[in-house]
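Position 171, counted from 1, in the sequence shown is what my numbering calls 161; the numbers after and before it change by one each time, with no gaps.
The C-beta atom is built at its ideal place from N, Cα and C for all residues, glycine as well.
All values derive from a computational prediction rather than experimental measurement.
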Amino acid sequence: MAEAGLDATIDGVGNVIGRSRNPGSALLIGSHSDTQPTGGWLDGAMGVIYALEIARSLGEDGETRALAVDVASWIDEEGAYFSFLGSKSFCAEPMPDAWAQVTGRDGRSLAEAIAAAEFAGRAPARLDPARHIGYLEAHIEQGGRLEAAGKRIGVVTNIVGIRNFIIAFKGAQNHAGTTPMPLRRDAGAALIDLAYAIRARFAELAGADTVWTIGHIELHPGAPSIIPGRAEMVLQFRDPAESRLDLLEATLHSLVAAANAAGHIEIAFAAAKDGVAATAMDGELQRHLGIAAEAHAPGGWMLMPSGAGHDAQILARHVPSAMLFVPSIGGISHDFAEDTAEDDVVLGCQVLATACVSILRELARTAPAGRRV
Ligand SMILES: [Zn+2]
């Protein structure tokens, strides 16, 4: 970062921020540099390197040298302690209760990890509303839509909202050989019936970008000769529109109510705390990204939602934000096999750089420093 002409700091949670020495309005560009266990090499890191490369190359060109690009490498996007730790801290969002005592997989608390890294006592880096006029983040797609469509660039319209529900079934545990079928209160059978009803009904209500998953099921006590007395499943659904998430949640309510009314198994459900709201990307920044994509790859780009969460959804609550995707080969991510064609890695950075310049130039023409795009 220093070689690229940036003033680099590591803040009190571990965010690495490179601030341009140019005064006036700045674009913030970045992503995260943490990863998943056995994750790939591009998830997050590519977007940080794009930001660094854009800051470096604009600084080397006399035409763009006066433009200000600040670079961010967010800590813990993936949630080793909790998701979006770095970007939430940067935006001064409220932290969960006792946030510093949250423990990672090694049993160490976040406070201990920060102290061990010698970041304790450093000031948190913060979004500067008088300086940062927008946030751009590039990322691999982590899915197969671009590849399937034969496109090389995705301009993100929305980041999907996510809702998780824990659904609990209470019946009566009993002997699987001596209890006749009409006398059973089988919590496992009730779970399967409801799971099937959800699949059928959600398929009727789904939009093109709706996904839903029953990712976890437990039958208690879980033995071949015991009728399950209790059962539990976790249902997750995602969609770019809060209105459709509301519809799916209302549908879940009515399916559970109908199952409770019809059967003799008690079914209760609760929303898990880790849901996130759907987030729209800034329309004006999307327009700049689309023009830049068309210039570098005519006809080779498309608008699309993001099915994964990203730091941009946190930044978007505070400053106009937008995202650009490049294709993931085979749609693979969160795996060592994750990769992107080298030409596409280069193209994505060129598109982001062109958009960055046009955003900063347009702003200089039309708005005083400090005004939001
Ligand atoms: Zn990521």
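Burial is judged here by how many other beta carbons sit within 10 angstroms of a residue's own beta carbon; alanine 193 has fewer than 16 and is exposed. When the beta-carbon positions are compared, glycine 8 and aspartate 24 stay at least 9 Å from each other. The C-beta separation of valine 316 from valine 335 comes to about 6 Å, placing the pair in contact by the 8 Å criterion. Going by C-alpha positions, alanine 249 is about 19 Å away from glutamate 208. Non-local beta-carbon contacts of histidine 278 in its own chain, meaning distances under 7 Å to residues more than five positions away in sequence, involve Ala345, Ser348, Ile349 in chain order. Rounded to the nearest angstrom, the gap between the Cα atoms of alanine 16 and serine 79 is 19 Å. Counting of Cβ neighbours within 10 angstroms places glutamate 53 among the exposed residues, the total staying below 16.
Taking the C-beta atoms as reference points, leucine 18 is found no nearer than 9 Å to alanine 88.
Near ligand 1, meaning a Cβ closer than 5 Å to any of its heavy atoms, lie the following residues in chain order: Asp33, Gly34. Annotated three-state conformation of glutamine 226 is strand, per DSSP. If you draw a 10 Å sphere on the C-beta of leucine 173, you find fewer than 16 other C-beta atoms in it, and that means exposed. Per the Cβ contact rule, the segment 139 to 152 is in contact with the segment 283 to 298 (3 or more Cβ pairs under 8 Å). In the three-state reduction of the DSSP assignment, tyrosine 125 falls in the strand class, which pools E and B.
A straight-line Cα-Cα distance of about 26 Å links serine 77 and valine 201.
Between aspartate 301 and glutamate 127 the beta-carbon gap is near 6 Å, inside 8 Å, which marks them as a contact. Around the Cβ of arginine 175, a 10 Å sphere holds 16 or more other Cβ atoms; the residue is buried. Note that the segment 114 to 124 does not touch the segment 254 to 265; fewer than 3 beta-carbon pairs, one per stretch, sit closer than 8 Å. DSSP assignment within the segment 16 to 83 yields the following whole alpha helix (DSSP H) runs of 4 residues or more, N-terminal first: 35 to 50, 75 to 80. Where alanine 158 is concerned, the enclosing beta strand (DSSP E) starts and stops at 151 to 160. Val246 is the residue among Gly167, Val246, His165, Glu239 whose C-alpha sits nearest the C-alpha of leucine 184. In this structure, the CA atom of glutamate 108 is about 29 Å from the CA atom of histidine 308.
Judged by DSSP in its simplified three-state form, arginine 142 adopts coil rather than helix or strand.
For proline 230, the CB contacts under 6 Å within the same chain, skipping 5 residues up- and downstream, are Asn148, Val150, Asp199, Ala268, Pro295 in chain order. According to DSSP, valine 6 shares a beta bridge with Ile0, Ser63. Note on the segment 262 to 313: whole beta strand (DSSP E) runs with a minimum of 3 residues are 291 to 296, in chain order.
If you draw a 10 Å sphere on the C-beta of arginine 189, you find fewer than 16 other C-beta atoms in it, and that means exposed. Residue environment for serine 244: exposed (fewer than 16 other C-beta atoms within 10 angstroms of its C-beta). A Cβ-Cβ separation of about 20 Å leaves alanine 270 out of contact with glutamine 132 under the 8 Å criterion. Per DSSP, the unbroken alpha helix (DSSP H) holding histidine 243 starts and ends at 232 to 252.
Burial state of glycine 289 is exposed, judged by a 10 Å Cβ sphere holding fewer than 16 other Cβ atoms. Bridge partners of isoleucine 255 according to DSSP: none are assigned. Between the alpha carbons of methionine 223 and arginine 55 lies a gap of roughly 56 Å.
Around the Cβ of glycine 34, a 10 Å sphere holds 16 or more other Cβ atoms; the residue is buried. Exclusion of the five residues before and after glycine 37 leaves Gly20, Ser21, Glu127, Ala128, His129 as the residues of its chain whose Cβ lies within less than 7 Å of its Cβ.
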